[in-house]
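Visitor:
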Amino acid sequence: MNEELIKAISLLLDEKLDLIRTDLDIVAKSIHRVEEKIDLLAEGIPADVLSLLQMMDKKLDSIKNDVEFTYQKASMNELEINRLKHQQ
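Take any residue in the sequence shown, note its place counting from 1, add 1336, and you have its number in our numbering.
1) Give me the Cα-Cα distance between residue 1376 and residue 1403, rounded to the nearest whole angstrom.
2) Between which residues of its own chain and residue 1401 is the CB-CB distance below 6 Å, once the five residues before and five after are set aside?
3) Leaving out five residues on either side along the sequence, give the residues of the same chain with a beta carbon under 7 Å from the beta carbon of residue 1346.
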């Protein structure tokens, strides 16, 4: 009778452990999917940074053009002032 009871308990434990193993497999797969998504996000960050740097580069080019224009305009003004001074 003890052996039968031990077998019955063993079968019951095996059934319960199988359910736990199945649940653990599901959890492990979910964790794996989350890790994959995190990896994809991490890979996407450099692209975002590159995009931001390209946008900043364009803005800096625009500022450079503005500075060059202002320099040329100031030079032209200085030239006119110099000419006016020498006419008198």
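Heads up, the beta-carbon is just placed ideally off N, CA and C, and yes, glycines get one too.
Note that the structure is predicted; figures quoted are calculated from it, not measured.
Guide: Based on what the coordinates show:
1) Locating residue 1376 in the sequence shown gives position 40, counting from the first residue. Locating residue 1403 in the sequence shown gives position 67, counting from the first residue. C-alpha of residue 1376 to C-alpha of residue 1403: approximately 41 Å in a straight line.
2) Position 65 of the sequence shown, counted from the first residue, corresponds to residue 1401. Hits under 6 Å: none found.
3) Mapped onto the sequence shown, residue 1346 falls at position 10. Correct list: empty, nothing qualifies.
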